[in-house]
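So the protein sequences, as listed, match chains A and B. Heads up: the first sequence runs through residues 2 to 482, numbered per our numbering. Heads up: the second sequence runs through residues 2 to 482, numbered per our numbering. Below: the structure, in structure tokens.
There are 2 protein chains.
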Amino acid sequence: MTETKDTSQFVEDLTDQSDDFSRWYNEVVRKAQLADYAPVRGCMVIRPYGYALWENMQRLLDDRIKATGHQNAYFPLLIPESLLALEAEHVEGFAPQVAWVTHGGDEKLAERYCIRPTSEAIIGKMYSRWIESYRDLPVLINQWCNVMRWEKVTRLFLRTAEFLWQEGHTAHATAAEAQEETLRALEFYRDFVETELAIPVFIGPKSEAEKFPGADMTYSLEALMRDGKALQAATSHNLGQHFAKVFDITFQDEQGKRQHVYQTSWGATTRLIGALTMVHGDDQGLKLPPNVAPIQAVVVPIWRKEGEKSAVLEFVGRVRAALKGVVRLHVDDRDQYSPGWKYNEYEMRGVPVRLEVGPRDVANAAVMSVRRDNRAKESIPLDRLAERLPALLAELQKALFQAALEFRDQNLARASNLEEIEAHFAERRGFVAMPWKDDPKLEALIKERTGATLRCFPLPTESSKQLGGDGMRLAVFARSY
Amino acid sequence: MTETKDTSQFVEDLTDQSDDFSRWYNEVVRKAQLADYAPVRGCMVIRPYGYALWENMQRLLDDRIKATGHQNAYFPLLIPESLLALEAEHVEGFAPQVAWVTHGGDEKLAERYCIRPTSEAIIGKMYSRWIESYRDLPVLINQWCNVMRWEKVTRLFLRTAEFLWQEGHTAHATAAEAQEETLRALEFYRDFVETELAIPVFIGPKSEAEKFPGADMTYSLEALMRDGKALQAATSHNLGQHFAKVFDITFQDEQGKRQHVYQTSWGATTRLIGALTMVHGDDQGLKLPPNVAPIQAVVVPIWRKEGEKSAVLEFVGRVRAALKGVVRLHVDDRDQYSPGWKYNEYEMRGVPVRLEVGPRDVANAAVMSVRRDNRAKESIPLDRLAERLPALLAELQKALFQAALEFRDQNLARASNLEEIEAHFAERRGFVAMPWKDDPKLEALIKERTGATLRCFPLPTESSKQLGGDGMRLAVFARSY
Numbered sequence: 002m003t004e005t006k007d008t009s010q011f012v013e014d015l016t017d018q019s020d021d022f023s024r025w026y027n028e029v030v031r032k033a034q035l036a037d038y039a040p041v042r043g044c045m046v047i048r049p050y051g052y053a054l055w056e057n058m059q060r061l062l063d064d065r066i067k068a069t070g071h072q073n074a075y076f077p078l079l080i081p082e083s084l085l086a087l088e089a090e091h092v093e094g095f096a097p098q099v100a101w102v103t104h105g106g107d108e109k110l111a112e113r114y115c116i117r118p119t120s121e122a123i124i125g126k127m128y129s130r131w132i133e134s135y136r137d138l139p140v141l142i143n144q145w146c147n148v149m150r151w152e153k154v155t156r157l158f159l160r161t162a163e164f165l166w167q168e169g170h171t172a173h174a175t176a177a178e179a180q181e182e183t184l185r186a187l188e189f190y191r192d193f194v195e196t197e198l199a200i201p202v203f204i205g206p207k208s209e210a211e212k213f214p215g216a217d218m219t220y221s222l223e224a225l226m227r228d229g230k231a232l233q234a235a236t237s238h239n240l241g242q243h244f245a246k247v248f249d250i251t252f253q254d255e256q257g258k259r260q261h262v263y264q265t266s267w268g269a270t271t272r273l274i275g276a277l278t279m280v281h282g283d284d285q286g287l288k289l290p291p292n293v294a295p296i297q298a299v300v301v302p303i304w305r306k307e308g309e310k311s312a313v314l315e316f317v318g319r320v321r322a323a324l325k326g327v328v329r330l331h332v333d334d335r336d337q338y339s340p341g342w343k344y345n346e347y348e349m350r351g352v353p354v355r356l357e358v359g360p361r362d363v364a365n366a367a368v369m370s371v372r373r374d375n376r377a378k379e380s381i382p383l384d385r386l387a388e389r390l391p392a393l394l395a396e397l398q399k400a401l402f403q404a405a406l407e408f409r410d411q412n413l414a415r416a417s418n419l420e421e422i423e424a425h426f427a428e429r430r431g432f433v434a435m436p437w438k439d440d441p442k443l444e445a446l447i448k449e450r451t452g453a454t455l456r457c458f459p460l461p462t463e464s465s466k467q468l469g470g471d472g473m474r475l476a477v478f479a480r481s482y
Numbered sequence: 002m003t004e005t006k007d008t009s010q011f012v013e014d015l016t017d018q019s020d021d022f023s024r025w026y027n028e029v030v031r032k033a034q035l036a037d038y039a040p041v042r043g044c045m046v047i048r049p050y051g052y053a054l055w056e057n058m059q060r061l062l063d064d065r066i067k068a069t070g071h072q073n074a075y076f077p078l079l080i081p082e083s084l085l086a087l088e089a090e091h092v093e094g095f096a097p098q099v100a101w102v103t104h105g106g107d108e109k110l111a112e113r114y115c116i117r118p119t120s121e122a123i124i125g126k127m128y129s130r131w132i133e134s135y136r137d138l139p140v141l142i143n144q145w146c147n148v149m150r151w152e153k154v155t156r157l158f159l160r161t162a163e164f165l166w167q168e169g170h171t172a173h174a175t176a177a178e179a180q181e182e183t184l185r186a187l188e189f190y191r192d193f194v195e196t197e198l199a200i201p202v203f204i205g206p207k208s209e210a211e212k213f214p215g216a217d218m219t220y221s222l223e224a225l226m227r228d229g230k231a232l233q234a235a236t237s238h239n240l241g242q243h244f245a246k247v248f249d250i251t252f253q254d255e256q257g258k259r260q261h262v263y264q265t266s267w268g269a270t271t272r273l274i275g276a277l278t279m280v281h282g283d284d285q286g287l288k289l290p291p292n293v294a295p296i297q298a299v300v301v302p303i304w305r306k307e308g309e310k311s312a313v314l315e316f317v318g319r320v321r322a323a324l325k326g327v328v329r330l331h332v333d334d335r336d337q338y339s340p341g342w343k344y345n346e347y348e349m350r351g352v353p354v355r356l357e358v359g360p361r362d363v364a365n366a367a368v369m370s371v372r373r374d375n376r377a378k379e380s381i382p383l384d385r386l387a388e389r390l391p392a393l394l395a396e397l398q399k400a401l402f403q404a405a406l407e408f409r410d411q412n413l414a415r416a417s418n419l420e421e422i423e424a425h426f427a428e429r430r431g432f433v434a435m436p437w438k439d440d441p442k443l444e445a446l447i448k449e450r451t452g453a454t455l456r457c458f459p460l461p462t463e464s465s466k467q468l469g470g471d472g473m474r475l476a477v478f479a480r481s482y
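So, in structure tokens, the structure goes:
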């Protein structure tokens with residue numbers, strides 16, 4: 002039983018979270034083969050395991066996007082400089098971090114193009130052509146694509162020059178409909194992130210200082226990582242008539258009057274893979290929520306004597322047949338690795354449930370299931386497996402959410418003034434909730450003194466009960482990714 | 002019943018294929034809202050209807066890619082110039098048509114990056130890091146992404162600066178396995194294009210002159226458009242050890258010896274949407290194969306008197322319920338357009354079957370189905386609809402393939418020398434099959450005199466029977482897109 006040198010002891014080599022969280026993160030992303038660095042500044046390669054995770058996430062989010070009446074489309078990668086420049090705040094926000102295309106083949110271009118950092122400009126231009134009448138509204142379009150932002154400091158998934166995302170862009174006849182749409186997107190993001198990724202979030206509007214360049218109002222989802230830093234999981238912007246005026250997107254209303262449309266945009270990115278990693282992972286590696294895990298259960302056959310092998314493998318075949326179409330199953334029957342090595346590997350890769358099949362299990366016509374999250378063991382008879390395993394995965398999905406919620410709530414403090422919030426961040430991290438009136442100066446001062454920013458003004462949701470419901474307007478602060 | 006000016010008579014405005022095929026194509030792509038020109042040189046916007054078609058195509062092709070053991074991944078958009086330049090033939094083939102990124106924000110880059118025209122270089126670099134041992138082989142990876150080739154003359158879907166595609170990149174231990182893989186991809190492309198897109202193709206190796214820059218051997222699928230020009234529907238390349246030597250992709254074999262891997266790459270693009278349009282379309286617009294049509298059947302309710310409306314709409318509700326989850330159905334109950342207008346619209350958009358529901362149909366508890374391809378009508382009782390409509394769609398799918406095959410065979414001529422092939426192309430288009438021995442000079446001469454190129458050396462398949470099976474090596478020539 003030989004083992005290749007470079008992978009034999011990879012679990013032992015994983016840095017503990019408590020020693021160096023940032024290093025733990027970089028290691029686990031690479032050891033679990035989610036992603037790798039590319040020979041291109043600030044760019045990553047998403048490896049098959051990471052991409053399968055992304056495909057599962059895409060499908061579950063895309064279902065929600067389509068169920069709410071949106072259609073997918075595709076707009077160009079490149080945006081002419083003159084078009085990006087039309088909207089002043091927007092270009093100011095993005096120009097410093099775009100990649101510029103200046104040549105096509107040997108020919109110098111008359112005008113530079115930037116690689117899209119986001120697509121409001123190019124989509125606004127198309128909407129101005131397509132929208133004529135109130136009958137054309139609402140326009141509800143989403144795009145799955147790659148975007149580029151030339152970041153100085155990069156981290157796999159969290160901050161890379163190129164990343165993958167979806168961006169919704171809608172146009173409406175009234176301000177009220179645009180606001181409704183902004184909140185509709187916020188809600189399906191919340192449902193997706195909490196239900197499928199098992200990550201509890203605060204959702205709510207951002208302050209003026211933190212909003213998207215060119216938006217009237219930005220709403221975000223804020224999650225807490227295990228190192229006590231916040232991560233913005235998705236955003237939904239009410240753009241008002243800002244871009245409509247710049248790009249001249251108008252419609253004839255029912256009275257025959259020409260009006261500017263009201264717009265929204267909203268996005269979620271491959272960053273969510275980083276969030277998943279940092280919310281659920283532990284010193285053994287990833288813990289993937291079953292709803293999105295590429296492999297929901299892995300079967301590890303065990304035999305000591307060659308004579309046991311054929312009976313074990315025959316039984317594994319029956320396990321495979323029983324679970325076909327029921328769960329995403331992987332059978333690891335490789336000869337060259339020991340069962341213990343495999344246990345470590347699939348723990349590192351965050352596979353929710355391991356199914357051990359040894360001679361004793363075969364004798365009992367059962368498999369031994371071991372949960373990734375709490376290592377709980379359970380012998381499941383073969384004839385109950387197709388019913389029990391999905392239930393077990395559902396329990397695990399809920400347990401991950403519950404554990405993340407408890408961690409978040411344990412790391413939620415309160416402050417009522419600058420001194421208290423300073424004292425908190427001098428010693429600790431996590432979220433700090435603070436009663437809030439519009440006060441940009443205090444917001445800036447807190448940022449300067451603590452490094453924490455105003456993440457959002459949380460709206461009441463099932464998972465934000467801990468904040469209390471006395472109706473006071475709260476702001477939550479945290480240091481963040 | 003008002004109608005907005007710019008869409009009221011769009012069908013009447015469609016150019017006939019026989020008058021100007023190229024103009025017909027441009028019009029139908031835009032009127033059916035598959036795609037639109039973008040304010041970026043040579044780029045297109047794929048509109049929701051076109052993108053839904055692409056999503057259906059993606060899913061059916063992706064299923065085949067995964068069923069043959071491949072996994073999806075994602076590699077960077079940008080390729081450093083030095084990396085692209087490593088493989089001489091490759092850079093010579095692509096450098097004249099790539100877009101160059103020279104600046105990130107305000108900073109001039111030390112090295113230029115090109116936007117990927119294809120990803121052999123960047124993927125080769127990663128494979129050289131990932132592959133160590135024979136146990137790591139085969140590597141079977143596919144990527145869905147956007148690519149750019151700075152084309153001078155562009156046509157929506159057929160030749161645009163940016164397009165969407167998938168590119169498979171595999172690495173193997175032996176030449177035999179790489180050749181097997183090259184043919185495996187060729188075969189699932191053939192099955193996908195013939196079964197799902199209803200397009201008959203010749204498949205086979207290309208000549209030395211027409212192969213992919215850097216490949217040992219290129220295989221292609223060649224389809225015939227209704228104007229008699231050929232279109233390459235997909236390609237599969239056996240790259241041999243060419244890139245492996247350049248990018249130093251080696252593995253330790255079972256005997257402990259270091260060897261270079263053997264590679265393949267294969268791709269299919271949004272060009273296939275152009276192929277679909279030009280193979281099946283007619284003077285009324287698109288004809289979409291049911292297997293990929295975003296809308297497989299459209300229900301048009303009909304009433305003359307206001308009193309009939311509620312009974313018709315109530316019945317339409319029952320039709321919708323009966324077909325839920327059975328076919329991709331759209332109900333067009335818009336008040337402001339007449340039934341006749343709607344018939345034209347859905348014919349333009351190529352919806353395979355129209356279901357008319359008027360007061361007489363309601364009285365018969367039936368719907369009147371009308372096929373897009375041959376206008377055949379059939380009254381289908383409501384209680385048989387869920388069974389009959391899928392069967393009808395399957396018949397239509399077959400009929401489209403059959404019609405395309407007949408057209409292709411009617412436009413398949415034979416020649417045995419330069420004079421005959423010249424005489425053919427002086428008057429006609431289509432495919433010309435010619436017995437062939439390796440003769441690059443004759444190939445070049447034919448191209449020069451006729452504008453036709455050697456499309457491929459067809460392999461025997463079910464749909465290529467017409468070529469005859471006397472074992473002689475044939476080459477097929479055509480003018481092409």
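Ideal Cβ placement from N, Cα and C applies to all residues, glycine included.
- The beta carbon of Phe76/B sits closer than 7 Å to some beta carbon of chain A.
- At a cut-off of 7 Å between beta-carbon atoms, Pro295/A makes no contact with chain B.
- Listed in chain order, the non-local C-beta contacts of Ala36/B below 7 Å within the same chain comprise Val30, Met45, Val46, Ile47, Arg48, Gly51, Leu157, Phe158, local neighbours out to five positions each way being set aside.
- For Leu289/B, no beta strand (DSSP E) encloses it, and the DSSP letter there is neither H nor E.
- If you check the CB distance, Ile303/A and Pro353/A do not come in under 7 Å.
- Spatial neighbours of Asp228/B in its own chain (CB-CB distance under 6 Å, excluding positions within 5 residues in sequence) are listed in chain order as Phe22.
- If you look at Pro436/A, you'll find it in the beta strand (DSSP E) that goes 432-436.
- The C-beta distance from Val358/A to Ala100/B rounds to 53 Å, too long to meet the 8 Å contact threshold.
- Any Cβ of chain B closer than 7 Å to the Cβ of Arg48/A would place that residue at the interface, and such an atom is present.
- With a contact defined as Cβ atoms closer than 8 Å, Phe408/A and Trp437/A miss out at about 24 Å.
- Going by C-alpha positions, Gly469/B is about 29 Å away from Thr278/B.
- At least one C-beta of chain A is nearer than 7 Å to the C-beta of Trp101/B.
- Looking at the backbone, the Cα of Leu87/B and that of Phe248/B are separated by about 8 Å.
- Around the C-beta of Ala68/B, fewer than 16 other C-beta atoms lie within 10 Å, and the residue is accordingly described as exposed.
- Ala453/B carries a coil assignment under DSSP once its states are collapsed to helix, strand and coil.
- Counting the other Cβ atoms within 10 Å of the Cβ of Val328/A gives 16 or more, which makes it buried.
- Within the same chain, Cβ atoms closer than 6 Å to the Cβ of His170/B are found at Ile124, Ile142, Ser266, the five residues on either side in sequence being excluded.
- Straight through space, the alpha carbons of Gln233/B and Leu413/B are spaced by roughly 16 Å.
- Just measuring C-alpha positions, the residue of Ser370/B, Leu240/B, Met149/B, Arg456/B sitting nearest Ala176/B is Leu240/B.
- For a Cβ distance threshold of 9 Å, residue set Val41, Arg42, Ala100 of chain B lies close to Tyr114/A, ordered along the chain.
- Under the three-state reduction of DSSP, Gly318/B is assigned to helix.
- By the Cβ-count criterion, Lys288/B is buried, with 16 or more other Cβ atoms from all chains shown falling within 10 Å of its own Cβ.
- At the C-beta level, Ile447/A and Val433/A stay beyond 7 Å of one another.
- In the three-state reduction of the DSSP assignment, Ala224/A falls in the strand class.
- Listed along chain A, the residues sitting closer than 7 Å to Glu56/B by beta-carbon distance are Asn73.
- Shown here for Arg24/A: same chain residues with a beta carbon closer than 8 Å to its own, the five before and five after excluded, namely Thr16 in chain order.
- With a threshold of 7 Å between beta carbons, Glu88/A makes no contact with chain B.
- Neighbours of Ile142/B in chain A, taken as residues at a C-beta separation under 7 Å, are given in chain order as Pro49.
- Close to chain A, meaning a Cβ-Cβ distance shorter than 9 Å, are the following residues of the region 325-347 of chain B: Arg335, Gln337.
- DSSP places Gln72/A within a strand segment (E or B) once states are collapsed to three.
- In the structure shown, the three-state DSSP call for Asp283/B is strand.
- CA-CA distance, Ala424/A to His281/A, rounds to 28 Å.
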